[in-house]
Every structure is written in C-alpha cells, then in structure tokens.
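Data first, discussion second: the structure below is written as structure tokens.
What follows is the structure, encoded as structure tokens:
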C-alpha cells in the first residue's frame, strides 16, 4: 500500500523554516543588507528550498526581507525613517492599549503583570542580552493582552518582530540601561494604582526615550557603514 502523505507536512516545513530564519535574524546569523543563501540554509535544515522560499515570502510580507528578480532574497537594510515610524506607531498603539488594560484590570491581571515584570527583572541579572530583549517585549505585550484588544495586540507583536529581527543591535543599550529598568517599575506601580493619567505619561516617556536612543544608534551605524572602506 502506498504511503499516505500528510496534508499538513508542507505547512509544517514552512513553519520550521520560518522559525529557523527568525532565529538566525535574532541571533545575527543573518544581518540587514545580507543576501539570504536560502539553498545552503535549506540544505543545512534538511529540507527542500520550497518551504524555505514560502517562509521568506511571509517575511517579505512583514517587511523584513525583499526579493530582487534574478538575484534572490535580501534582508532589508537599516532605515532611520522606518525605526522612527515604528516607535511612533508603538506610542499611539500602546497608549491606547494601556488605557483599556487599566479599565479591565482585575486580581488575575495584576498577578500576570507582576509576574511579567519579575521575569524582566530576573533577565536583567543575567548576561544574555537577547533574553533581556524578549523579557522587555513580554512586559509590554502583557499590558496589551490585558486590554482585550486582540487585533491591536497582534499589530504590536508585528512591530516588535521588525524591531527585534532587523534592529535588535540598536536596542541593546536601551534594554540594558538602568533607566529602562526604573521605567518598567514605575509604569507597573501606576497601573496597579489605576492611575491612568500617570501610567500613560510614564509609558509615553519610556517609548519616546527608547525610540530616541534606538534611532540615534541606527543613525550612527548607518554613518559608520557608509564611512568605512576595507
């Protein structure tokens, strides 16, 4: 009897390829501006190029990679205007989500928020910067989750995807700084006090400060790359 094919196998391989590419981006095995050697990477992951290309198409839709006809796929280069736009969008989106989160906040929500903040504090004690980035993101996404606005939370998740997969080098100073640690604690306290006005003010200042540091870092990186020949 011929072996019956799993109808989900192709999708499973695409998902595996997608997760694999994300990991390579997050850990800087693939960097902005680089051509994606998808044939070699597919071979390393033990799959055909088809699911790998499907995964790249989804990342293209997210704005993380681009396809150039007859040349292949490339990681999108750093863009100062893009990172500024991302932080402006975060500012609008998270401010709205915070207000709804405070309206919906109950004891269970308080515990979720405290736990998320504690995980962030624990991550700061370690030496792994990527772990700090994830913990930082999860604190903000927990606030978004408590708002009950699932579509807006997914939009925020996509913003973090682009920031972490393309711009994470520029985020390292921001996430590891003492001011960022204090910001999270102050925002948490204001939320627990149901002080919407103060919580929004602190959150907006936090995002604006993070955005400025990240934009400055990206600007320096672009200038340095343009000014060095080797």
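In the working numbering, the protein residues as written are 47 to 276.
Glycine included, each C-beta is placed from N, C-alpha and C at the ideal position.
Please read these numbers as outputs of a predicted model, since none were measured by experiment.
- By the Cβ neighbour-count rule, residue 73 is exposed, with fewer than 16 other Cβ atoms within 10 Å of its own.
- When DSSP states are grouped into helix, strand and coil, residue 243 belongs to the helix group.
- Using a Cβ distance threshold of 9 Å, residue 185 and residue 216 do not count as a contacting pair.
- Taking a C-beta distance under 9 Å as the contact criterion, residue 159 and residue 192 qualify as a contact pair.
- Burial check for residue 85: the Cβ neighbour count within 10 Å stays below 16, so the residue is exposed.
- In terms of Cβ geometry, residue 133 and residue 256 form a close pair [threshold 9 Å].
- Rounded to the nearest angstrom, the gap between the Cα atoms of residue 67 and residue 231 is 34 Å.
- Rounded to the nearest angstrom, the gap between the Cα atoms of residue 150 and residue 123 is 40 Å.
- The residues 132 and 217, in chain order, have a CB closer than 7 Å to that of residue 209 in the same chain once the five nearest residues on each side in sequence are set aside.
- Judged by DSSP secondary structure, residue 213 falls outside any alpha helix (DSSP H); it is assigned neither H nor E.
- For residue 137, the CB contacts under 8 Å within the same chain, skipping 5 residues up- and downstream, are 250, 253, 254 and 257 in chain order.
- One thing to note: residue 212 has its Cβ no nearer than 9 Å to the Cβ of residue 87.
- Distance from the CA atom of residue 130 to the CA atom of residue 261, rounded to whole angstroms, is 6 Å.
- Looking only at 109, 156, 113 and 98, the smallest Cα-Cα distance to residue 236 is reached by 156.
- Here residue 86 carries a helix assignment [DSSP, helix/strand/coil].
- Distances from the CA of residue 144 to each of 112, 189 and 95 were compared; the closest alpha carbon is that of 189.
- Distance between residue 271 and residue 203, taken at the CA atoms: about 29 Å.
- Per DSSP, the continuous alpha helix (DSSP H) segment holding residue 180 begins and ends at 175-192.
- Rounded to whole angstroms, residue 195 and residue 112 show a C-alpha spacing of 30 Å.
- Annotation: the continuous beta strand (DSSP E) that includes residue 118 extends over 118-121.
- DSSP, reduced to helix, strand and coil, places residue 269 within a helical segment of the structure shown.
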